[in-house]
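Structure record follows, encoded as structure tokens.
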Amino acid sequence: MINVRTRTAAAMSHRSISARPDARRHALRGLAAITMISALALTGCAGVLPWDQPSGSPSPSGTTVPAPVPNDLSSGSTARTLAAGAVGVSINYWSTLNMGDWTSGALKPVSISLITSVTPNDGQKVYLQRATMVAVPGTLNESFDPLSPQTDQSTVAPGYLVLDPYSYSQTFNVGPVPAEATLVTLQFTYDFLVQTTPTSTEYAKQSASDTLTVAITGQPAP
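Residue numbers for the sequence shown, in this note's numbering: 9 to 230.
Given below as structure tokens:
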């Protein structure tokens with residue numbers, strides 16, 4: 009009886025001693041895993057925050073786009089309606105020169121066709137006494153010296169009959185402008201004489217003005 013208890017106690021003692029190394033190994037493995045997780049967490053915290061990371065591509069630098077040059081004759085022609093007191097004026101403008109050939113050194117023709125109406129229409133006539141064009145070259149930011157005025161003065165008294173169905177046509181020419189000019193402003197003035205009554209030899213003078221802007225094309229490369 010004594011021997012059985014001794015053996016049993018010895019066996020239990022042996023199993024207890026054998027279990028201790030296993031428990032230590034499990035404890036060491038758990039500690040190593042915790043240490044590794046902690047290290048990874050610290051590494052992640054020490055990394056660059058998402059909002060501090062450089063962007064994948066640099067933002068493009070701002071570019072300045074030059075403002076377009078206005079051109080009232082971009083389609084080759086334009087129509088205007090003006091008023092001069094009781095006189096209504098309908099005008100067509102056009103150029104026989106292609107817009108691509110409107111260079112600074114070229115002779116640039118501008119044609120006009122004009123017809124009028126009068127309100128109230130009691131039978132009085134309307135005459136064009138004078139038509140004038142002044143060309144002012146320049147850029148979007150400045151104007152240069154104007155070219156010499158061009159005037160068509162009526163050679164008949166009291167003027168050219170321009171009451172519908174009669175009309176007036178003329179062609180003016182824009183001469184050479186400074187090479188740095190990117191546009192030319194065309195200033196038109198029209199002076200009319202209107203009969204005070206259908207049979208009167210007295211006239212009322214009325215004036216109308218209009219402005220066109222036409223782009224100047226750069227000189228072709230030599």
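Glycine included, every Cβ here is placed at the ideal spot set by N, Cα and C.
DSSP bridge partner residues for residue i (one or two, in chain order)
i      : result
VAL126 : VAL95
SER121 : ASN100, SER177
LEU194 : ALA143, LEU220
VAL202 : VAL134, ALA212
LEU105 : According to DSSP, which records beta bridges pairwise, LEU105 is partnered with nothing at all.
SER85  : TRP102
THR72  : Bridge partners of THR72: none, in fact.
LEU90  : VAL97
THR111 : THR225
Residue of the options minimising C-alpha distance to residue i
i      : options                        : result
ALA92  : THR72, TYR101, LEU201, SER208  : LEU201
GLY131 : VAL222, THR225, ALA87, ASP172  : ASP172
ARG6   : ALA94, THR207, GLY146, GLN161  : One cannot answer for residue 6 here, as it falls past the ends of the chain, which runs 9 to 230.
SER98  : PRO74, LEU194, SER177          : SER177
LEU105 : SER112, SER208, PRO117         : PRO117
SER85  : VAL185, SER103, ASN181, SER175 : SER103
THR197 : SER83, THR140, SER119          : THR140
ASP199 : THR193, THR147, VAL170         : VAL170
GLU210 : LEU122, SER175, ARG88, TYR135  : TYR135
TYR174 : LEU155, LEU191, LYS133         : LYS133
TYR101 : LEU122, ALA114, SER208         : LEU122
Unbroken beta strand (DSSP E) run spanning residue i, endpoints
i      : result
MET141 : 134-146
ARG217 : Note on residue identity: the sequence assigns Ser, not Arg, to residue 217. Its beta strand (DSSP E) spans residues 211-223.
Buried versus exposed, by CB contacts within 10 Å (16 or more), residue i
i      : result
LYS213 : exposed
ALA54  : Low local confidence applies: a pLDDT of 46 at ALA54 is under 50, so the model's placement there is unreliable, with the coordinate-based value given in what follows. Exposed is the call here.
PRO157 : exposed
PRO145 : buried
ALA143 : buried
THR124 : buried
ASP109 : exposed
VAL95  : buried
ALA187 : exposed
ALA216 : buried
LEU148 : exposed
VAL164 : exposed
LEU115 : exposed
VAL126 : buried
GLY113 : exposed
VAL73  : exposed
List in chain order: all unbroken beta strand (DSSP E) runs of 3+ residues lying wholly within the stretch 147-181. 158-161
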